[in-house]
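What follows is a short report on a single structure.
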Amino acid sequence: MRLDLAYDGTEFSGWARQPARRTVCGVLEDTMSTVLREDVNLTVAGRTDAGVHAAGQVAHADLSAAVDVAALPRRLARALPADVRVFSARVVPSAFDARFSALRRHYEYRVSDAAFGAHPLRRWDTLAWPRPLDVDALNAASALLLGERDFCAFCKRREGATTIRELQRLAWERSGDVLTAHVSADAFCHSMVRSLVGALLAVGEGRKPVSWPASLLTSTTRSSAVAVAPAHGLSLVRVDYPDDADLAARALVTRNVRVAPTS
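Counting along the sequence shown from 1, when you hit position 65 you're at 67 in this note's numbering, and nothing is skipped either side.
What follows is the structure in structure tokens.
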């Protein structure tokens, strides 16, 4: 079963279960297991960090045929806390894998460079930046990062994981005092989006040249010069999947790409 969901990440210690911490996965699995009276184990499209939000997260679980799928969102609405909602639930082919079947993930990062800071009603999902930002410089630097690259300089390395990713979109737009970065890739490594944003903000405020973020792509280790932007400005907004007939093939390709060689 596929679940489409959203959450306010402010009071969550990220998606993944952690001992003695409140996480999105922990709350969802525990609540669903209670409501459905069966053990529920979720696989998610993108494991978000502590404080990161999601407006278009996707997860899947293998459930018994007795579950009334159509009624599940309403049943969960009565049991879940207000900062996480399941919008829809539907049966999908057995080849569907929320993580490995995904074609790409889409994130947005919101920044306000208003003199007064972030609007009070958006303070939980918008970073207040104390200096004016040049959207043209941000876009010029972003364009140099597109394509399939090794983003090692912008990722927190995990043992056995590759840092090669295809960055398909990185573009900024301004609406009044708020700038939004639209970031899309086949997948993201740990802290990649926030690191890219942190490097680009240094360009936007004039502290670094336009060419600086792309110059870091030659690095073979994470760059200590890159500041990781705060989590609360980031939201996962959409995940794309292929047609049902192509799910298994996509999962196979993704697994092959993501598994690092053992020798």
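We put the CB at the ideal spot given by N, CA and C, even for glycine. Nothing here was measured: the structure is a model prediction, and the numbers come from that model.
For residue i, the residue or residues it bridges with in DSSP
i      : result
Gln59  : Leu7
Ala84  : In the DSSP output, where bridge partners are listed per residue, Ala84 has none listed.
Ala18  : Answer is none; Ala18 lacks a bridge partner.
Ala130 : Ser114
Gly149 : Leu169
Selection from the options that minimises the alpha carbon distance to residue i
i      : options                           : result
Phe14  : Arg4, Cys27 and Asp6              : Cys27
Ala229 : Ser217, Tyr243, Asp242 and Leu203 : Leu203
Arg19  : Tyr9, Asp10, Leu30 and Thr12      : Leu30
Ala233 : His55, Gly178 and Gly149          : His55
Gly200 : Ser144, Thr164, Pro244 and Ala250 : Ser144
Val256 : Val86, Arg125, Phe98 and Thr50    : The sequence shown places Thr at residue 256, not Val. The residue with the shortest Cα to Cα distance from Thr256 is Phe98.
Met3   : Asp51, Ala100, Met194 and Cys191  : Ala100
Ala163 : Cys191, Gly178 and Arg151         : Cys191
Asp70  : Arg92, Cys154 and Ala81           : Arg92
Arg196 : Pro215, Ala68, Leu5 and Asp246    : Pro215
Arg77  : Thr50, Leu38, Ala67 and Gly53     : Leu38
Thr45  : Leu65, Ala227, Ala231 and Ala52   : Leu65
Contact under 8 Å by Cβ, residue i with residue j
i      : j      : result
Gln59  : Ala73  : no
Leu147 : Leu129 : no
His62  : Val94  : yes
Leu172 : Leu198 : yes
Arg160 : Met194 : no
Arg107 : Ser237 : no
Gly208 : Asp138 : no
Arg151 : Leu219 : yes
Trp126 : Thr36  : no
Counted within 10 angstroms of its Cβ, other Cβ atoms place residue i as buried (16 or more) or exposed
i      : result
Ala84  : exposed
Val241 : buried
Gly206 : buried
Thr165 : buried
Ser90  : exposed
Ser265 : Confidence is the limiting factor: at Ser265 the pLDDT is only 38, short of 50, which leaves the residue's position unreliable, though a coordinate-based value still follows. With fewer than 16 Cβ atoms within 10 Å of its Cβ, Ser265 is classed as exposed.
Ala183 : buried
Asp32  : exposed
Leu7   : buried
Phe102 : buried
Pro134 : exposed
Phe156 : buried
Fully enclosed by the stretch 171-210, which alpha helix (DSSP H) runs are 4 residues long or longer?
-> For the stretch 171-210, whole alpha helix (DSSP H) runs of length 4 or above, ordered along the chain, are 194-206.
Could you give the uninterrupted runs of the beta strand (DSSP E) lying entirely in the stretch 216-263, keeping only those of 3 residues or more?
-> Qualifying beta strand (DSSP E) stretches, in chain order: 236-242.
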